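A.B. asks: Got a structure for you, written out below as structure tokens; questions coming shortly.
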Amino acid sequence: TIIPSYNFNKTFALSTKTIIIKENTGAKATKASDTKVILGITGASLTDTLKTTHALIGSLPTSETSQKRDRLKGGVAVASGLTLTTKYIAVAYQLTLSRNFHEYTFNAEGNSNVEYRTGHSLEVKLPVTEKLYFTSLNIYRVGTTYGGTQKTNFETHNDINYDLTKNLSANIGTSNDGDALKSNGVDSNISAYSENTSVTRTGLSYVY
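To convert, note that position 63 of the sequence shown is 98 in the numbering used here; the numbers rise steadily by one, no gaps.
This is the structure we're talking about:
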């Protein structure tokens, strides 16, 4: 993960985020995620430990899936949330409203592309030592296609992290994602781990 950032002042900070993925199975391909350009806006301090967060987000279609399958031209989003930070735990909730722009309303597989999306994310950080900590990120999204159909999906990411330096950290963990509902459209498909869809990963994150 590469996260360059620049602080304009105490209120505004600009950052970009791109994830580079090297697969260790199959063709062992190297892939890139879509790139997020984030303008963070300092929120209000409600208490010593509770603060609001705000951001304007642009999405650039740098992943192969977005370029070739979905024909995504870009996306914009606004986000607001709350963060609770104590000595023993940090919790962050964020609500994101986004709109995507595609070249076509249907992707290359014949499925309708998602135009509007509402996302809810909850991230928990549990420090173990000064440099070692556990993180859990859970995301639930509700999207509306160009044809008006509703789609739901989820992501879960659970990691053990270690700060190697001030800017560089290493992690090992698992991720799972997919449709929020099973094929019957009623039962929940959300799970932190699945033998069929979960991925085990190791990674490095550099913030500068």
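Positions of the beta carbon are idealized from the N, C-alpha and C atoms, including for glycine. Bear in mind that the values here come from a model prediction, so they are computed numbers and not experimental data.
Quick one: using the 10 Å Cβ neighbour count with 16 as the cut-off for buried, is Asp194 buried or exposed?
C.D. replies: Here residue 194 corresponds to residue number 159 of the sequence shown, with the count starting at 1. Under this definition Asp194 is a buried residue.
A.B. asks: Among the candidates Asp214, Val221, Asn219, whose CA atom is the shortest distance from the CA of Ser229?
C.D. replies: Looking up residue 229 in the sequence shown gives position 194. When only C-alpha atoms are compared, the closest one is Asp214.
A.B. asks: With Pro162 as the anchor, note down where its beta strand (DSSP E) starts and where it stops.
C.D. replies: Along the sequence shown, read from residue 1 onward, the residue named residue 162 stands at position 127. It spans 149-162 - the beta strand (DSSP E) in which Pro162 sits, taken as one unbroken run.
A.B. asks: Helix, strand or coil for Ser101, going by three-state DSSP, please let me know.
C.D. replies: Within the sequence shown, the letter at position 66 stands for residue 101. Of the three classes helix, strand and coil, the one that applies to Ser101 here is helix, per DSSP.
A.B. asks: Please state the DSSP three-state secondary structure of Leu81.
C.D. replies: Counted from its first residue, the sequence shown places residue 81 at position 46. Note: Leu81 maps to coil in three-state DSSP.
A.B. asks: Would you mind working out which of Thr87, Leu85, Val113, Gly78 sits nearest Ser94, comparing C-alpha positions?
C.D. replies: For this step, residue 94 is matched to residue 59 along the sequence shown. Nearest C-alpha to Ser94: Val113.
A.B. asks: Should Ser133 be labelled buried (16 or more other beta-carbon atoms within 10 Å of its own) or exposed?
C.D. replies: Counting from one through the sequence shown, the residue named residue 133 turns up at place 98. Flag for Ser133 reads buried.
A.B. asks: Compute the distance between the beta-carbons of Thr16 and Thr70, then report whether it is under 7 Å.
C.D. replies: Because the chain is modelled from 36 through 243, residue 16 falls outside the range shown and cannot be assessed.
A.B. asks: Drop a sphere of 10 angstroms on the beta-carbon of Gly145, count the other beta-carbons inside from all chains shown, and report buried for 16 or more, exposed for fewer.
C.D. replies: Along the sequence shown, read from residue 1 onward, the residue named residue 145 stands at position 110. Counting Cβ neighbours within 10 Å, Gly145 comes out exposed, since fewer than 16 surround it.
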